[in-house]
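First the structure, in the form of structure tokens, and then the observations on it.
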Amino acid sequence: VIREDSDDLSREVASRIAQRIAEKAQAGLCCVLGLATGSSPTQVYKWLVRWHREGALSFWNVITFNLDEYCGLQPDDLQSYHHFMNVHLFDHLSDIDRNNIHIPDGTFSSTEDIRKLCAEYEAVIQAAGGIDLQLLGMGRMGHIGFNESGSARYTRTRAVYLDRVTRVDAASDFFGEPHVPKKAVTMGVATILEAREILLLAFGENKTSSVAKAVEGPVTPAVPASFLQAHPNATFYLDGAASAGL
Ligand code: GLP
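According to UniProt numbering, the sequence shown is numbered sequentially starting from 16.
Structural data, given as structure tokens:
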């Protein structure tokens, strides 16, 4: 889906999410959402919050799993993805059950802990029935979640080292690249691809080259977003700049 205005795209994506939540609610079922951070999804959250405030959308049946979190940050640290999600979405939802919100914990202290934590994250996703709808952004080099270039198709939730480009792109949030964590916990490529529906948002000229590779290039771990080509129900939502290389 290509539109000139990114807010139109955000509204379309928010509307698809709202529709899925409502369909599930009507059937008396939970809706399991995979959620993303970064600048790309913020307007989607703005629309969801607005419709909720207006009484048009409830979240009583929603279970969420976030893609990733930086290692070493406490949930209330300003740069943490826990904090990001509270500010942009969760704090504004009066009827979401806080027990239904899941974000990887980046504060583990040993290799044993992180293995356990990642296995549990996968198990809780399975126990919830799998992800119905996964919202995604994309890094400048085509990463999804924090699955950097080189992430294989079979990868699962795990701790990873961040690429230099990713740390440079995050530098402004941390007042300089040296302060950006070197590691993160992320859902794997396989975890993401198991979602029944995937909506990827990419805006701006920084994404032009990776969007072209992801959509029209070979399916390769060098560009993890290219794995979405093999997914039965994945849609890219692109503004004019991001789609310019297609
Ligand atoms: C980070 C996040 C990704 C996100 C990417 C792009 O790396 N871990 O999930 O997609 O940033 O962010 P933005 O949407 O700000 O370009």
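Glycine included, C-beta positions come from ideal geometry on N, C-alpha and C.
Delimiting residues of the beta strand (DSSP E) encompassing residue i
| i | result |
| --- | --- |
| leucine 148 | 148 to 151 |
| glutamate 84 | 83 to 85 |
| residue 7 | What is shown of the chain runs 16 to 261, which leaves residue 7 out entirely. |
| arginine 173 | 173 to 176 |
| alanine 229 | Unbroken run through alanine 229 is the alpha helix (DSSP H), 223 to 231; no beta strand (DSSP E). |
| aspartate 254 | 249 to 254 |
Distance between beta carbons of residue j and residue i, contact taken as under 8 Å
| i | j | result |
| --- | --- | --- |
| glycine 157 | serine 225 | 4 Å |
| tyrosine 252 | leucine 215 | 7 Å |
| glutamate 220 | alanine 256 | 4 Å |
| proline 233 | serine 166 | 15 Å between Cβ atoms; not a contact. |
| residue 268 | alanine 249 | Only positions 16 to 261 of the chain appear in the structure, and residue 268 is not among them; the question remains open. |
Option in the options with minimal Cα separation from residue i
| i | options | result |
| --- | --- | --- |
| valine 77 | Asp178, Val204, Ala37, Glu163 | Ala37 |
| aspartate 112 | Val47, Arg211, Ala240 | Val47 |
| leucine 88 | Ile17, Lys197, Ala138 | Lys197 |
| isoleucine 99 | Asp188, Ala256, Lys228 | Looking at the sequence itself, residue 99 is phenylalanine, so the reference to isoleucine does not match. Ranking Asp188, Ala256, Lys228 by Cα distance to phenylalanine 99 puts Asp188 first. |
| threonine 172 | Val200, Ala185, Leu208 | Val200 |
| leucine 151 | Trp75, Ser25, Pro233 | Ser25 |
| glycine 49 | Glu231, Asp23, Gly165, Val139 | Val139 |
| alanine 229 | Ala240, Lys222, Thr223, Gly219 | Ala240 |
| lysine 222 | Val28, Cys45, Gly154, Asn115 | Gly154 |
| tyrosine 169 | Ser55, Ala217, Met202 | Met202 |
| aspartate 69 | Leu108, Ala185, Glu27 | Correcting the residue type first, residue 69 is glutamate in the shown sequence and not aspartate. For glutamate 69, the nearest C-alpha among the options comes from Leu108. |
| valine 59 | Phe242, Cys45, Val28 | Val28 |
| glutamate 137 | Phe218, Glu231, Ile17, Val204 | Val204 |
| aspartate 254 | Glu192, Val238, Leu72, Phe218 | Phe218 |
| valine 195 | Gly144, Leu93, Pro233, Ala33 | Leu93 |
| phenylalanine 242 | Gly121, Asn162, Ile146, Phe74 | Asn162 |
| tryptophan 75 | Leu82, Asp83, Asp91, Gly43 | Gly43 |
| aspartate 120 | Ser55, Asp178, Phe80, Gly144 | Phe80 |
| leucine 148 | Asp23, Gln34, Val16, Ala142 | Gln34 |
| isoleucine 32 | Ile146, Pro193, Asp110 | Ile146 |
| alanine 142 | Thr126, His117, Tyr96, Arg179 | His117 |
| tyrosine 85 | Thr122, Asn115, Ala71 | Thr122 |
| aspartate 178 | Ser164, Phe190, Leu261 | Ser164 |
| alanine 227 | Thr206, Leu261, Val238 | Leu261 |
| aspartate 110 | Ser73, Phe190, Asp23 | Ser73 |
| alanine 40 | Asp128, Val180, Ala71, Glu192 | Ala71 |
| alanine 210 | Ala174, Leu82, Val16 | Leu82 |
Residue i - containing alpha helix (DSSP H), residue span
| i | result |
| --- | --- |
| lysine 61 | 57 to 68 |
| tyrosine 96 | 96 to 103 |
| leucine 24 | 21 to 41 |
| leucine 50 | Here leucine 50 belongs to no alpha helix (DSSP H); instead the beta strand (DSSP E) covers 46 to 50. |
| valine 183 | 179 to 185 |
Coarse secondary structure for residue i, derived from DSSP in three states
| i | result |
| --- | --- |
| lysine 198 | strand |
| aspartate 120 | coil |
| arginine 211 | coil |
| alanine 237 | coil |
| asparagine 115 | helix |
| leucine 261 | coil |
| leucine 204 | Reading off the sequence, residue 204 comes out as valine, not leucine. Note: valine 204 maps to helix in three-state DSSP. |
| leucine 243 | helix |
| phenylalanine 189 | helix |
Check your understanding: Should the region 95 to 110 be regarded as contacting the region 54 to 74, the criterion being three or more beta carbon pairs within less than 8 Å?
Key -> Yes, they touch.
Point to revise | Any heavy atom of the ligand GTP nearer than 6 Å to the CB - residues listed | key: For the structure depicted, the ligand GTP is absent and the ligand set comprises only the ligand GLP.
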